[in-house]
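What follows is a single structure, written as structure tokens, with notes after it.
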């Protein structure tokens with residue numbers, strides 16, 4: 001097998017020291033050199049409420065120092081099977097949403113062309129749209145969305161269509177996301193209208209409200225999600241506000257009453273074997289995270305997802 | 001049906017902007033114009049430990065900006081069936097407990113006379129007593145109390161009888177609360193004496209310790225509470241310290257080991273159909289709430305309770 | 001004289017209680033009813049670094065509760081000579097900078113048409129541009145700018161011209177600001193280029209670097225500023241980052257080594273008698289203000305400026 | 001000379017460890033054993049705005065761990081000339097202001113009878129009144145008051161006369177404070193009325209506004225204060241809100257634009273030789289002090305004042 | 001029975017006031033006077049990541065003020081059956097790890113000789129090693145370890161063997177801990193190597209990963225732990241990082257996905273009747289605990305454990 | 001001239017984004033490639049009170065993003081005259097002080113051999129000793145020390161000689177520091193003994209107490225410092241606790257009453273032209289820095305010092 005990279009040892013420098021990269025991995029510029037590209041996307045210009053997710057990538061990199069190479073349940077490491085590195089932050093424009101979307105798509109198109117699978121640290125949830133514009137060039141992909149919000153509103157503020165609350169609808173409309181192969185897990189919270197989720201439902205999205213999650217249990221959610229997504233290529237988007245804000249207060253639009261981190265870990269682990277072509281962890285907003293736990297949760301979820309991506313990448317490579 | 005008010009749209013002003021009122025509802029002065037009066041009661045002069053609940057109403061109003069009009073489980077809105085507005089803060093005196101109690105009772109007597117059902121944002125838990133003095137003029141009412149503490153001590157600090165740890169006992173002694181129709185949910189934490197809760201028990205109060213809550217489960221608690229309270233008029237008091245302080249650290253007397261917010265939501269939803277004549281959410285103390293989650297939980301619970309009150313009010317009106 | 005409004009008394013409700021308006025003044029919708037309109041402008045879409053100033057208006061309103069009606073040096077109150085009220089938050093769009101600028105200008109044009117002098121709580125510093133587009137319709141106005149930054153860069157992020165670091169240049173280019181009648185007080189901090197401030201200097205702006213402030217002293221700064229601005233109409237813009245971040249950490253682009261709050265107060269007081277037609281206090285970013293002192297400073301500076309505006313308004317009315 | 005006590009050495013236990021007492025001094029119960037009694041008075045029931053000073057004594061004790069035995073300017077230690085110990089917290093009632101005042105006065109009368117000079121860590125500023133009722137039994141004393149507020153209002157909230165904003169007026173009315181021998185240093189901030197300080201002025205109090213402080217300079221203030229207070233017995237009360245809130249944000253009623261800590265230190269040092277019979281440091285409110293600097297300033301000022309009290313006590317003993 | 005001590009009443013001084021000792025108990029110096037010695041061990045020199053546990057004992061003492069004398073489930077008090085007091089902080093050296101270990105062992109050997117059972121508030125987890133060197137002089141003891149980490153690494157940073165990640169291994173190697181009678185509860189988090197826990201497993205330690213905890217449930221964990229530990233003398237060490245960091249963020253090496261506080265309480269209660277000869281609560285790091293909940297959890301767990309120790313001590317005394 | 005490096009432009013990535021290096025400079029491994037090496041030294045094992053400076057380098061790197069390339073007074077950039085890069089964190093051992101000192105000295109000896117001038121971000125102040133052991137191999141150097149503490153104690157905790165309070169004494173004793181060419185600026189705060197500073201004084205160190213600083217003024221201090229240090233090689237050590245803790249609360253041993261940041265900037269600027277061979281900024285402790293201002297001040301002072309070092313390096317090169 002090709003050589004892979006491993007996190008810097010903590011023998012010479014303790015884990016709180018040394019360069020700030022995802023999981024203490026090397027920082028590289030060439031996407032062709034990696035199987036999986038870890039990226040930051042410090043953009044929160046699609047935020048309709050509290051901004052701050054622009055500082056998410058840095059906080060996630062710092063918190064990722066706590067993550068060692070091996071998963072304690074599988075006893076395996078993603079670095080055994082995939083070349084993984086920190087590809088830095090994607091370019092964008094914090095002021096102009098239109099140009100930001102274009103810059104992001106162009107950057108991820110480059111990653112795709114180079115054969116790198118992206119795992120992105122947001123940023124607000126709008127970033128999933130330009131990423132999918134780059135990744136779903138061959139047709140719509142399945143979507144597993146951990147989230148408190150459906151993100152299928154049509155527009156905000158008098159007709160504006162590109163926000164972190166509308167991107168899933170745009171993705172479906174643009175043919176990037178296959179609604180029949182889309183599952184949303186943990187939806188809850190008050191709604192603007194009684195039929196707030198109708199677009200998703202009429203489009204065929206499978207919505208698992210938090211009440212469904214408690215009713216089905218983790219195993220039931222996993223089973224349902226695997227049924228919905230099936231065998232084709234799929235993207236995993238993990239909005240930390242799906243988790244209860246006692247665990248993740250540092251986010252722009254918290255909704256009380258979510259699942260625990262352990263439940264989230266178990267659900268993600270249950271997705272092993274899906275054909276994941278990319279993923280993101282979004283909506284970590286450090287200015288609202290006084291204890292830093294949101295960033296720690298986000299970094300841990302990134303690692304859980306990285307393990308899936310590494311195996312999926314290896315499986316595709318055969 | 002009569003015209004109702006709805007929260008200000010977030011189309012023109014994002015939810016973090018605009019006037020600070022409960023749920024972005026109009027601010028009115030006339031209680032006769034509303035079915036349900038949302039009030040702040042910024043009083044914490046009955047606090048025996050850490051003060052700060054005086055700042056609760058403001059924090060709850062701010063956090064209530066996150067709450068949209070429709071409940072995601074019922075898909076209904078309280079504003080469909082009731083006229084609801086923000087009636088401002090009730091008058092009180094932060095220094096003299098005696099006068100504070102009098103001012104509060106007089107204010108709520110006015111609300112009652114005008115036909116408005118009050119949902120109050122405290123303040124410390126002592127406020128429930130003067131509110132009940134105004135509301136329970138026709139005889140004792142049932143009480144559903146979510147709380148870590150029984151609040152049935154006799155006195156503090158050498159005989160002082162009016163504190164946030166004695167008000168339930170006072171309410172029973174004064175004939176405002178019917179102990180046989182009273183249920184306390186989530187009681188826990190160390191006690192001053194082995195028989196600390198004897199007054200409650202000998203008076204006939206149904207105490208559900210946190211161990212009972214875990215044993216019975218949410219459905220069992222709901223069933224038991226509905227049995228105890230029965231069909232007559234009842235008041236709901238929600239002390240956020242009933243919830244585990246991981247979710248609600250911003251409170252004066254936290255006790256570890258409580259229920260989750262989702263469990264609290266489910267228990268409150270289970271009380272639908274009771275004849276609620278008023279309610280409060282108390283003990284949110286913002287100076288001890290660095291992440292703001294306690295206020296968010298409090299505001300969400302206010303909305304859950306508002307849904308019950310609106311239906312109860314509509315049912316009484318026929 | 002016409003009736004004026006006064007802050008709500010703290011006899012019935014302590015100052016931490018009651019509705020959240022600027023200085024506890026009434027909230028009105030009609031600009032024609034006031035001499036001076038206090039407004040919030042919760043917009044930070046022009047921010048090139050740390051966002052958060054969108055939450056400034058709310059924090060400034062809350063902190064303004066600490067401000068009583070009379071100035072302790074003049075022993076006079078602005079409410080003696082002017083009708084002052086809280087006109088709420090101006091409309092804008094948090095996502096689209098272009099539309100935001102248009103909405104703001106339209107709103108302030110309405111205020112101007114109604115004869116109301118605006119004192120605005122930002123928001124980031126970009127807001128000064130659309131405000132001046134509305135106010136300076138009769139020709140360029142003088143500008144007194146308290147700030148660490150000249151805000152005369154040309155563009156950011158590949159040519160974008162509308163940010164909180166470019167608005168003064170735009171204002172000069174658009175003929176809204178008279179550079180000969182413009183003074184900037186407290187400029188400091190590292191620069192992108194050795195000639196970073198050349199546009200300002202070549203345009204004729206008077207730049208008082210922080211070293212100039214210490215060399216001239218408060219009295220010297222005041223004298224110089226009055227010379228520069230002269231007798232014509234002028235606008236005062238107060239960026240809290242002009243003050244040292246020990247006093248005002250809660251801002252997006254702090255620069256160490258600024259003046260103290262007392263020096264700022266003395267400088268503002270020294271501007272009494274200028275023909276001020278409007279003013280703003282900007283760049284208060286509450287997510288970075290753990291002690292709340294930045295908001296308190298901002299609210300106090302708003303009051304100092306309000307005193308000047310009220311006298312100027314009265315003087316113009318004769 | 002009699003044996004004195006010295007702070008616990010940091011050789012065996014670092015300064016952050018060990019029992020929590022003022023300056024790491026012994027904790028004693030018998031006031032007759034000491035020359036100077038350090039006490040906490042964890043009472044904030046007289047607070048008209050933000051409570052929290054009840055937690056002041058604990059925070060001041062903790063911060064006092066940073067204070068070593070010798071003053072770096074005088075190179076002398078108060079423990080060389082006086083027996084100083086921590087006498088614990090004075091009894092009070094957090095709920096009933098009337099009883100609180102009685103309990104405090106009784107406790108300090110006991111201290112006075114035992115010959116102990118009290119240096120008190122508040123608590124809110126109302127505590128100065130019951131202390132003076134105990135100490136000024138032989139006639140009115142002089143008062144040196146470091147403060148942003150005159151505290152000579154007549155009443156609050158509909159006639160209530162005992163608050164932290166009225167105690168100096170009460171003290172003058174009750175003949176405890178000699179207004180002719182009273183100086184207030186640092187008064188500033190907006191006022192409820194143009195003549196807000198008229199009681200103080202008409203009674204003969206010397207008010208040094210913050211503008212006077214800057215005009216006179218530290219040496220001038222010291223000279224003026226010494227003239228006013230003269231040779232008779234005097235009490236020193238140090239409200240931390242006299243200092244600018246950049247240094248002391250953790251207080252209930254901050255007013256921007258105050259003096260620095262170094263100026264405060266120099267002014268206190270300038271009072272050496274006055275016949276001080278007691279002192280307090282008040283209004284440290286830890287819930288509003290995220291960095292802890294307010295407590296550190298308060299503890300340092302306590303030490304500066306302790307040095308004066310020790311010398312005054314020694315001088316009286318001859 | 002011999003006289004015991006009880007916490008200071010809150011009648012004269014509210015619980016937030018008065019001396020800072022564990023559970024408001026008396027502070028004593030003589031270990032022979034007590035059955036159970038509560039101690040602080042403010043040492044974090046064995047920390048490999050974020051320091052701060054040196055401030056744990058003070059925070060735990062402060063938070064222990066919230067704990068009343070009687071357990072709400074058993075309705076009994078440890079003070080009924082055992083003499084319990086605060087013996088202060090153990091001596092150590094914050095700079096030199098070698099001397100620190102020696103000083104600690106010597107101090108606890110003195111406690112053992114005096115017949116006092118120690119319940120220690122750490123400090124980082126390395127402190128368990130020198131404590132066991134003093135307590136396990138008669139042979140290895142059983143160990144119940146609540147923890148996210150096994151702490152059986154061999155060395156860090158190029159061969160250093162004494163850290164808070166190696167002490168359990170050292171304890172087994174030195175014959176202080178009987179691995180066959182050792183159970184670790186809650187182990188989780190990423191690992192340095194796939195076989196990271198091999199030392200523990202090959203030595204015979206029973207490891208209950210967090211997945212095991214969820215699979216077995218609280219009752220199952222308790223049953224398993226009791227089987228493993230059996231009837232002989234045992235030591236209980238409670239690392240707060242075993243609990244999920246939503247409850248306990250204030251710790252040096254947080255691992256997401258842990259058990260709740262209520263589960264921890266239930267597991268500890270299930271250990272009643274074991275022959276416990278000492279215990280500690282470690283890794284509370286206040287600088288990372290903005291809400292203070294970690295300290296509150298720690299203090300509550302100390303009380304739960306104290307109840308076990310008191311009964312075990314009484315049982316041994318017969 | 002040789003090619004130099006410049007900070008990453010903020011055109012493509014805003015300053016809050018991108019890799020975390022000092023001043024956004026490249027990260028290099030080879031000291032021979034640079035004139036000036038920026039390093040982190042995340043070690044706080046010499047701390048006698050509150051630890052946390054181990055996190056200083058990361059916080060300083062992050063805050064350094066605010067620093068642009070050109071100095072606003074000189075209008076020059078250090079990158080014009082010197083090759084400057086981020087050389088990463090120096091190796092050390094957080095647990096064993098002896099080995100830590102050896103590793104540090106070895107690393108800096110390598111820098112010196114390669115011809116790189118080090119500017120170090122601490123870490124606690126002990127790090128200056130091992131750095132000087134590497135740099136002062138040709139004889140004692142002059143020392144300019146900005147600090148609240150003399151750091152010339154002999155030992156702590158029973159004879160331990162290597163702490164952040166003893167390193168200057170060690171440096172003099174070891175012949176690394178020339179006391180006659182040493183000036184300490186800002187010394188203040190209480191002392192362990194009346195003669196606490198006698199070692200420094202008897203050795204010939206020039207101590208400028210804070211009172212001297214205010215008496216002499218900035219210009220006087222600069223003149224005195226230049227006289228003392230003279231023309232030979234000198235090292236500049238900047239402990240942020242020399243600055244008042246209102247500006248720099250995030251430090252282990254704060255002392256109130258220090259100079260302002262602007263005064264510190266002016267004093268450092270006054271040292272231009274000295275033959276500086278290295279420098280450090282120490283004692284930034286992020287866990288005690290809630291607003292982040294301490295890190296911002298530290299990063300700004302690093303830049304001020306970098307300007308001096310670059311010129312000195314260029315002058316030596318001729």
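Residue numbers (full-length UniProt numbering), protein chains in the order written: chain A, 1 to 318; chain B, 1 to 318; chain C, 1 to 318; chain D, 1 to 318; chain E, 1 to 318; chain F, 1 to 318.
Even for Gly, the Cβ is constructed at its ideal location relative to N, Cα and C.
Every value quoted in this text rests on a predicted model; they were computed, and no experiment measured them.
Notebook entry, point to check: At a Cβ threshold of 8 Å, is residue 246 (chain E) touching chain A?
Noted result: Along the fifth chain, read from residue 1 onward, the residue named residue 246 (chain E) stands at position 246. Closer than 8 Å: yes.
Checklist line | Touching by the beta-carbon criterion (3+ pairs, under 8 Å), the segment 22-36 of chain F and the segment 250-270 of chain F | finding: no
Notebook entry, point to check: Counting only runs that start and end within the segment 113-164 of chain E, where is the beta strand (DSSP E) found for 3 or more residues in a row?
Noted result: 117-122 and 141-146
Notebook entry, point to check: Given 8 Å as the limit, is there contact between the segment 127-143 of chain D and the segment 69-88 of chain D, that is, 3 or more CB pairs closer than that?
Noted result: no
Check: Where does residue 70 (chain E) fall in DSSP's three states?
Finding: Your numbering for residue 70 (chain E) matches position 70 in the fifth chain. Reduced to three states, the DSSP call for residue 70 (chain E) is strand.
Checklist line | Contact set for residue 19 (chain D): own chain, Cβ-Cβ below 6 Å, skip 5 residues either direction | finding: Residue 19 (chain D) sits at position 19 when you count from the first residue of the fourth chain. Cβ within range, chain order: n/a, list empty.
Check: Quick one: is residue 74 (chain E) buried, meaning 16 or more other Cβ sit within 10 Å of its Cβ, or exposed?
Finding: Position 74 of the fifth chain, counting from 1, holds the residue named residue 74 (chain E). It counts as exposed.
Checklist line | Per-residue burial, residue 174 (chain A) [other beta carbons within 10 Å of its own, 16 or more giving buried] | finding: Translated into the one-based positions of the first chain, residue 174 (chain A) becomes position 174. So residue 174 (chain A) counts as exposed.
Next item on the list: Closer than 8 Å by beta-carbon distance: list the chain D residues that pair up with residue 97 (chain B), in chain order.
Entry: Here the question's residue 97 (chain B) lines up with position 97 in the second chain. Simply 95 and 96.
Checklist line | Residue range of the unbroken alpha helix (DSSP H) whose run includes residue 214 (chain B) | finding: For the purposes of this step, residue 214 (chain B) is taken as the residue at position 214 of the second chain. Start and end: 210-229.
Item checked: Reduced DSSP category for residue 300 (chain F) - H, G, I as helix; E, B as strand; rest coil -> Here residue 300 (chain F) corresponds to residue number 300 of the sixth chain, with the count starting at 1. Here residue 300 (chain F) sits in helix by DSSP.
Notebook entry, point to check: Between residue 150 (chain E) and residue 54 (chain F), what straight-line distance do the alpha-carbon atoms span, to the nearest angstrom?
Noted result: The residue labelled residue 150 (chain E) in the question sits at position 150 within the fifth chain. The residue labelled residue 54 (chain F) in the question sits at position 54 within the sixth chain. For residue 150 (chain E) and residue 54 (chain F), the distance between alpha carbons rounds to 25 Å.
Check: For residue 247 (chain E), which residues of its own chain have a beta-carbon under 7 Å away from its beta-carbon, when the five flanking residues on both sides are left out?
Finding: Along the fifth chain, one-based indexing puts residue 247 (chain E) at 247. The answer, listed in chain order, is 260, 261, 293 and 297.
Note to self: Suppose the cutoff is 7 Å on Cβ atoms and the five residues either side in sequence are ignored; what does the same chain contact list for residue 16 (chain B) look like?
What the structure shows: Locating residue 16 (chain B) in the second chain gives position 16, where the first residue counts as 1. Same-chain partners within the cutoff: 65.
Note to self: Let's test the definition: count the other Cβ atoms within 10 Å of the Cβ of residue 58 (chain A) and tell me whether it reaches 16, buried, or not, exposed.
What the structure shows: Numbered from its first residue, the first chain carries residue 58 (chain A) at position 58. When all chains shown are included, residue 58 (chain A) counts as buried.
Check: residue 179 (chain E): which of E:200, E:190, E:118 and E:193 sits nearest, CA to CA?
Finding: By one-based count along the fifth chain, residue 179 (chain E) stands at place 179. The candidate whose alpha carbon is nearest that of residue 179 (chain E) is E:200.
Notebook entry, point to check: Got a sec: which bits of the segment 254-266 of chain D sit with their beta carbon under 9 Å from any beta carbon on chain C, in order along the chain?
Noted result: 254, 255, 256, 257, 258, 259 and 260
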